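Colleague: Protein chains in written order, with this note's numbering: chain Y, -16 to 113; chain W, 344 to 481.
One structure coming up, written as structure tokens, with questions to follow.
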């Protein structure tokens, strides 16, 4: 089987990005440390990031975490390679718009597991932590 | 010489879903229309001096839809990274629309003349292959 050409990959990535109809805020984990050496929670937000949220087929997948909380796989999010590549499981995602329509309230998620980098984009499993 | 009217060009523009002149200018569409001249309302043939202009716009629309299909023919389907894209639909739909318009074109006839004429065809200058055989009436 022939590998994809650079032009084909570029075209596939363009299609993938053009199908990202939703908008989210990427919240990258950037804690600070106070005078006593305690880590203070903090995030650096990147707003208005195009993304593709898919909530079908991911409900009911619950898993108990080591700290006792229950993580429920809530959605799968597609991001462009540029936007999603640096995300880690410590980061968070807030989906603010779906198909161009503002959500009220916005959907806030954590990230479950490793961020998967594919040939056309980045796939992130989103969780609601209870 | 008769040329397509602006109404005919506008109609063709609607038929091919090209609402702007970005891809097809009015001159482009006019040239597509002029490829398919028909006899006018008075029965004058396009080669007649009194021909007032009449064209087969369905045929022109079919040509453009076929061209639009060619523009997306290289778009293959793919599923990757939680996305599933059926890009070949655009090609199939453009071709189907071309077929729909071609089915509405004006009908015509074409006389086929075999050259060289078969030795047995002595009765007519234009040899007709499906003439009744001598024993057909039996």
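Each residue gets a CB set at the ideal place from its N, CA and C atoms; glycine is no exception.
Just so it is clear, the structure is predicted and the values come from calculations on it, not from any experiment.
In terms of DSSP beta bridges, what is residue 350/W paired with?
Modeller: Stepping through the second chain from its first residue, residue 350/W is reached at position 7. Answer is none; residue 350/W lacks a bridge partner.
Colleague: Taking 8 angstroms as the cut-off, does the region 6 to 21 of chain Y touch the region 74 to 94 of chain Y (at least 3 CB pairs, one atom from each stretch)?
Modeller: yes
Colleague: Out of curiosity, what's the CA-to-CA distance linking residue 370/W and residue 71/Y?
Modeller: The residue given as residue 370/W occupies position 27 in the second chain. The residue given as residue 71/Y occupies position 88 in the first chain. The alpha-carbon atoms of residue 370/W and residue 71/Y are separated by roughly 55 angstroms.
Colleague: Please state whether DSSP places residue 421/W in a helix, a strand or coil.
Modeller: Here the question's residue 421/W lines up with position 78 in the second chain. Correct three-state label for residue 421/W: strand.
Colleague: Could you tell me which residues DSSP puts in a beta bridge with residue 400/W?
Modeller: Position 57 of the second chain, counting from 1, holds the residue named residue 400/W. DSSP, once it has assigned bridges, lists no residue as partnering residue 400/W.
Colleague: Three-state secondary structure (DSSP) at residue 12/Y?
Modeller: Numbered from its first residue, the first chain carries residue 12/Y at position 29. Three-state DSSP puts residue 12/Y in a strand.
Colleague: Quick one: give me the first and last residue of the alpha helix (DSSP H) that residue 32/Y is part of.
Modeller: Reading the first chain from its first residue, position 49 is the one you call residue 32/Y. Where residue 32/Y is concerned, there is no enclosing alpha helix (DSSP H), although the beta strand (DSSP E) it sits in stretches over 26 to 37.
Colleague: Less than 8 angstroms between CB atoms is the rule here; does residue 37/Y satisfy it with respect to chain W?
Modeller: The count along the first chain starts at 1 and reaches residue 37/Y at position 54. So yes, residue 37/Y belongs to the interface.
Colleague: Is the beta carbon of residue 399/W less than 8 angstroms from the beta carbon of residue 449/W?
Modeller: On the second chain, position 56 is the one that residue 399/W refers to. On the second chain, position 106 is the one that residue 449/W refers to. Yes, these two residues count as a Cβ contact at 8 angstroms.
Colleague: Taking Cβ positions only, does residue -1/Y come closer than 8 angstroms to chain W?
Modeller: As a working note, residue -1/Y is residue 16 in the first chain. Chain W contact via Cβ: present.
Colleague: Would you mind telling me which residues of chain W sit closer than 9 angstroms to residue 119/Y, beta carbon to beta carbon, in chain order?
Modeller: Because residue 119/Y is not part of the residues shown, which for chain Y are -16 to 113, the question remains open.
Colleague: Name, please, each residue of chain W whose Cβ falls closer than 8 angstroms to the Cβ of residue 106/Y.
Modeller: Residue mapping note: residue 106/Y aligns to position 123 of the first chain, counting from 1. Simply 424 and 425.
Colleague: Could you tell me if residue 32/Y is buried or exposed, where buried requires 16 or more neighbouring beta carbons within 10 angstroms of its beta carbon?
Modeller: Counting from 1 along the first chain, the entry for residue 32/Y is found at position 49. Residue environment analysis places residue 32/Y among the buried positions, since at least 16 neighbouring C-beta atoms fall within 10 angstroms of its C-beta.
Colleague: Could you work out which residues of chain Y lie near residue 428/W, taking near to mean beta carbons separated by less than 9 angstroms?
Modeller: Locating residue 428/W in the second chain gives position 85, counting from the first residue. Ordered by position in chain Y, the residues that pass the 9 angstroms Cβ test against residue 428/W are -5, -2, -1 and 2.
Colleague: Residues in the region 412 to 423 of chain W with C-beta within 9 angstroms of chain Y's C-beta atoms, listed in sequence order?
Modeller: 417, 418, 419, 421 and 423
Colleague: Residues in the region 85 to 101 of chain Y with C-beta within 8 angstroms of chain W's C-beta atoms, listed in sequence order?
Modeller: 99 and 101
Colleague: Look at the Cβ atom of residue 444/W, then the Cβ atom of residue -5/Y, and state whether they are nearer than 8 angstroms.
Modeller: In the second chain, counting from the first residue as 1, residue 444/W sits at position 101. In the first chain, counting from the first residue as 1, residue -5/Y sits at position 12. Contact: no.
Colleague: Once the 5 residues before and after residue 25/Y are set aside, which same chain residues still bring their CB inside 7 angstroms of it?
Modeller: Position 42 of the first chain, counted from the first residue, corresponds to residue 25/Y. The beta carbon of residue 25/Y sits closer than 7 angstroms to the beta carbons of 13, 14 and 15 from its chain, once the five residues preceding and following it are set aside; these are given in chain order.
Colleague: For the alpha helix (DSSP H) holding residue -6/Y, just list the boundary residues, first then last.
Modeller: Reading the first chain from its first residue, position 11 is the one you call residue -6/Y. Run containing residue -6/Y: -11 to 1, per the alpha helix (DSSP H) assignment.
Colleague: Three or more C-beta pairs closer than 8 angstroms, one from the region 350 to 365 of chain W and one from the region 99 to 109 of chain Y: is that the case here?
Modeller: no
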